[in-house]
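To start, the structure under review is shown below, and the notes come after it.
In structure tokens, the structure reads:
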């Protein structure tokens, strides 16, 4: 593994009124257990991600760029299971990547929103649970499409909120609410206010990929089951704990409500839809 320095000062504008950002105001990498929280998400989603990347052709000879690589689970599995030629793993904080070195993995500490972010062109450009935390989605999708080599693919995955909203039930039917749904609504609003997270535009991925000039655009969505003790249930419980202050600040939930949601996730009564992961892809012309 080689390590390269950051591309100067990061430029990371935010939609949050107070200018907050992921990794600083919430989900700080230096906070105890953050690497484990990221790995719980990986346990829930990595198998599907790797299956899709390999179906799109990732394999021997491919040069891959993994944006927001986190602890590097996808990057390492691309090297081990798809036998790609190499992976450049990029993150604003690379401490977890540096802890788990493997041959073929290069690490770059950088902010992908910086104007001078130009690490080269790749057969695969992959970003999962990254763009939903960034401003200017159309510009970001276009910029990432520009990093795809001829014939290569851009693959984007982000969360889709499937929470039952207050006015979503048909007339005459009561909305089925749960402690989980209440916590998720507060979480999304809290993250939007504090760090600018916005999942409302995620279903627009296919349109944005086409607008960026990519072809053979496709999409799929995966909803992991919320089972007591499952990785995704533990991931949400830990995520709520780390974003508790911003959740309570919305006025939609209090601390007791969050505690009730955590207990609900670990109970036999749990019957809810996790946030979905929408994955969309497009291929660059040869």
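Residue numbers (this note's numbering): 149 to 434.
Glycine included, C-beta positions come from ideal geometry on N, C-alpha and C.
One thing to note: residue 296 has its Cβ no nearer than 8 Å to the Cβ of residue 276. Ranked by Cα distance from residue 274, the options 306, 214, 299 and 325 are led by 214. Per DSSP, the continuous alpha helix (DSSP H) segment holding residue 338 begins and ends at 327 to 343. Taking the CA atoms as reference points, residue 360 sits about 25 Å from residue 234. DSSP places residue 403 within a helical segment (H, G or I) once states are collapsed to three. Here the alpha carbons of residue 349 and residue 302 stand approximately 18 Å from one another.
Nearest Cα to residue 331 within the set 407, 347 and 300: 407.
For the 8 Å CB-CB criterion, residue 185 and residue 386 form a contact. Residue burial is scored here from C-beta neighbours: residue 245 has at least 16 other C-beta atoms within 10 angstroms and is therefore classed as buried. When the beta-carbon positions are compared, residue 427 and residue 200 come within less than 8 Å of each other. The beta-carbon separation of residue 424 and residue 255, rounded to 30 Å, does not stay under the 8 Å limit for a contact. Counting C-beta pairs closer than 8 Å gives three or more between the stretch 367 to 375 and the stretch 414 to 424, which meets the contact rule. A straight line joining the alpha-carbon of residue 414 with that of residue 176 spans about 25 Å.
For residue 427, DSSP records a beta bridge to 305 and 368. Non-local C-beta neighbours of residue 192 in its own chain, meaning closer than 6 Å and more than five positions away in sequence, comprise 372, 379 and 380, ordered along the chain.
In this structure, residue 300 sits near residue 271, with a CB-CB distance shorter than 8 Å. It is roughly 13 Å from the alpha-carbon of residue 382 to the alpha-carbon of residue 328.
Within the same chain, and ignoring the five residues on either side of residue 368 in sequence, the residues whose Cβ sits closer than 6 Å to its Cβ are 427. With a cutoff of 8 Å on beta-carbon distance, residue 304 and residue 279 are scored as near each other. Pairing residue 230 with residue 262 gives a Cβ-Cβ distance that is not under 8 Å. In this structure residue 363 does not touch residue 294 by the C-beta definition: roughly 15 Å separates them, more than the 8 Å allowed.
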